[in-house]
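Here is the structure we will look at.
Protein chains: 2
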Amino acid sequence: MYPGLLHELHKRVTLSPGQEAAILSHFTPKKLKKRQFLHQEGDIIQRMSFVEKGALYSYSTDAHGAQHVVQFGFEGWWIGDLYSFFTQKPSRLNVEVLESCEVLTLSLESHELLLKTIPPYETYMRILYQNAYVALLSRIENSLGLSAEEIYSRFLEQYPFIFSRVPLHLIASYMGITPVTLSRIRRQVAS
Amino acid sequence: MYPGLLHELHKRVTLSPGQEAAILSHFTPKKLKKRQFLHQEGDIIQRMSFVEKGALYSYSTDAHGAQHVVQFGFEGWWIGDLYSFFTQKPSRLNVEVLESCEVLTLSLESHELLLKTIPPYETYMRILYQNAYVALLSRIENSLGLSAEEIYSRFLEQYPFIFSRVPLHLIASYMGITPVTLSRIRRQVAS
DNA sequence: CGATTTTTTGAATCATATCAACGTACGTGG
DNA sequence: CCACGTACGTTGATATGATTCAAAAAATCG
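For the protein sequence lines, the chains are A and B, in the order given.
Note that our numbering has the first sequence beginning at -13, numbered continuously upward.
Note that our numbering has the second sequence beginning at -13, numbered continuously upward.
What follows is the structure, given as structure tokens:
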């Protein structure tokens, strides 16, 4: 039951069988088909989601109506809008399914209860955010002052598997360039 | 003693007098003058730092030798390179003093000890990283697909106080544009 | 006050975006 | 199972916005 989530928890903390069961009991599985939305702009996010299987991505829509991919979510990752979840303010993100998914969801109340009652759960969350923060800062650092071509090359090195599962125009959006520019870069790099 | 750090801790968790004293006892104060370095590229970061007073900023040097500001640190903020601190790998960042500082530093061993022995300390750290992560994701979201002028306007709204304490060319670097471009934008926006 | 740092300005250049058209792959209903 | 429609990727021509280079003006520091 929920092997992905268990593996993820055990990677970072040790849990007694009782704690393990207590944590799992709060999650609700949810199946989603390609093109469905997990969340939409304006929603107040009620549940955070762990990706057990499949792939999703989140994007925002800017003042000019253009869409921008903010992050991807594959097996073993968390996806959603933590800003809206924690503040209970309307989300500015859409989260759409890329490949049919099974996600495990958890309410804010459950999350807070687990934080209070199961110390290793809080430790897990601290490590999760700590790593996510460091990774995000690297993403910013790496893109500062790089040409689109350099950003692409690094992205290709760091996440080769993404190219087999995500259409190029979404990767372009994530990188902050247009699909047209990405296409030209790829031709150049290939030669 | 250390009013900034105490205020920061109490904002997020409640501590018994004993816990408070235990936490504070692990910090070592350090005074730094303008233009001094707290860390330099290549260092393996041994201590994390809380800014009690003053201002600093961190920057990286890219493959073309250009410098890019990654973050600022004012009173009540943490500053440093968490990547190097947690992994004990060489840092890619320089952290330089903008206004003479008093920082409070904490070793990795102390940090780990406090996490293990003082539960509210772990809670504080989880909340700190959680907020930092959400704030950083907003920074990325905001910069995706915005013109330099829009990035400037938002920055001005969100952090007006930074303009009174940080030279414009560092702000430009943080925003990912040249000082020349920032100057032109400001002329436009002012008119 | 003189020296250094920071900010502004103009002109030329370069990278990426935009617009528009076309080719290709995919999958859905007939 | 084929045909049509939609989504995706590529290409060329042109436009735009930011950078670079160079110099001067303004602000700050010792």
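Heads up, the beta-carbon is just placed ideally off N, CA and C, and yes, glycines get one too.
8 Å Cβ cut-off: residues of chain B touching residue i
| i | result |
| --- | --- |
| Asp48(A) | Leu130, Gly131, Leu132 |
| Tyr261(A) | No information on residue 261(A) is available, as it lies outside the stretch -13 to 177 that chain A covers here. |
| Glu(-6)(A) | Simply none; closest approach about 17 Å. |
| Glu82(A) | The contacting residues do not exist; Glu82(A) stays about 16 Å from chain B at best. |
8 Å Cβ cut-off: residues of chain A touching residue i
| i | result |
| --- | --- |
| Phe72(B) | Gln116, Val120 |
| Glu38(B) | None at all; the shortest Cβ gap to chain A is about 22 Å. |
| Glu61(B) | Under the 8 Å cutoff, chain A gives no residues; its nearest Cβ is about 21 Å from Glu61(B). |
Inter-residue CB distance, residue i and residue j (contact presumed, cutoff 8 Å)
| i | j | result |
| --- | --- | --- |
| His12(A) | Asp67(A) | The pair is not a contact, with the Cβ atoms about 20 Å apart (cut-off 8 Å). |
| Ile171(B) | Tyr145(B) | Not really, about 16 Å apart at Cβ, beyond 8 Å. |
| Gly(-10)(A) | Gly40(A) | The pair is not a contact, with the Cβ atoms about 11 Å apart (cut-off 8 Å). |
| Ile126(A) | Ile126(B) | 7 Å |
Burial state of residue i, where buried means 16 or more other Cβ atoms lie within 10 Å
| i | result |
| --- | --- |
| Pro51(B) | According to the sequence provided, residue 51(B) is Gly. The question's Pro does not apply to it. Result: exposed. |
| Thr90(A) | As written in the sequence, residue 90(A) is Leu, which differs from the Thr given in the question. By the neighbour-count rule (16 or more Cβ atoms within 10 Å), Leu90(A) is buried. |
| Gln74(B) | exposed |
| Gly4(A) | exposed |
| Arg112(A) | buried |
| Val175(A) | exposed |
| Leu154(A) | exposed |
| Val152(B) | buried |
| Phe149(B) | exposed |
| Glu98(A) | exposed |
| Glu143(A) | exposed |
Within chain A, partners of residue i - CB distance below 7 Å
| i | result |
| --- | --- |
| His54(B) | Leu130, Gly131 |
| Arg112(B) | Glu108, Met111, Arg112, Tyr115 |
| Ile137(B) | What Ile137(B) touches in chain A: nothing, since even the nearest Cβ is about 12 Å away. |
| Gly162(B) | Leu130 |
| Glu98(B) | Result: empty, since nearest Cβ-Cβ is about 11 Å, beyond 7 Å. |
| Glu95(B) | Within chain A, no residue comes near Glu95(B); the closest Cβ sits about 17 Å away, beyond 7 Å. |
| Glu88(B) | What Glu88(B) touches in chain A: nothing, since even the nearest Cβ is about 25 Å away. |
C-beta atoms of residue i and residue j nearer than 9 Å
| i | j | result |
| --- | --- | --- |
| Leu84(A) | Glu27(A) | no |
| Ile157(A) | Val55(A) | yes |
| Phe147(B) | Met161(B) | no |
| Ser70(B) | Asp29(B) | yes |
| Gly59(B) | Ser46(B) | no |
| Leu122(A) | Leu114(B) | no |
| Ile104(B) | Leu1(B) | yes |
| Gln116(A) | Phe36(B) | no |
Of the residues the options, the one placed nearest residue i, counting alpha carbons only
| i | options | result |
| --- | --- | --- |
| Gln57(B) | Val120(A), Met34(A), Ile9(A), Leu99(A) | Val120(A) |
| Gln22(A) | Cys87(A), Thr0(A), Pro(-11)(A) | Cys87(A) |
| Leu18(A) | Leu10(A), Tyr145(A), Glu38(A) | Glu38(A) |
| Glu6(B) | Lys20(B), Tyr107(B), Phe71(B) | Tyr107(B) |
| Gly131(A) | Asp48(B), Gly40(B), Ser35(B) | Asp48(B) |
| Ile9(B) | Pro165(B), Gly40(B), Glu61(B), Tyr110(B) | Tyr110(B) |
| Ser77(B) | Leu101(B), Leu123(B), Met34(B), Ala41(B) | Met34(B) |
| Trp64(A) | Leu42(A), Ser133(A), Thr14(A) | Leu42(A) |
| Ser129(B) | Ala118(A), Phe149(A), Ser159(A), Asn117(A) | Ser159(A) |
| Ser133(B) | Ile163(B), Leu94(B), His(-4)(B), Met(-13)(B) | Ile163(B) |
| Pro15(B) | Leu92(B), Val(-1)(B), His(-4)(B), Arg(-2)(B) | Leu92(B) |
Residues that residue i contacts on chain B, provided the C-beta gap is smaller than 7 Å
| i | result |
| --- | --- |
| Ser35(A) | Chain B residues near Ser35(A): none, gap ~16 Å exceeds 7 Å. |
| Pro105(A) | Pro105 |
| Glu6(A) | Simply none; closest approach about 20 Å. |
Under 9 Å by beta carbon: chain B residues contacting residue i
| i | result |
| --- | --- |
| Glu27(A) | Result: empty, since nearest Cβ-Cβ is about 12 Å, beyond 9 Å. |
| Glu85(A) | The contacting residues do not exist; Glu85(A) stays about 23 Å from chain B at best. |
Near the ligand ATP: residue i beta-carbon under 8 Å from a heavy atom
| i | result |
| --- | --- |
| Ile157(B) | Within the structure as shown, the ligand ATP is missing, as the structure has no ligands at all. |
Listed by chain order, chain A residues near residue i by CB distance under 9 Å
| i | result |
| --- | --- |
| Glu143(B) | The contacting residues do not exist; Glu143(B) stays about 14 Å from chain A at best. |
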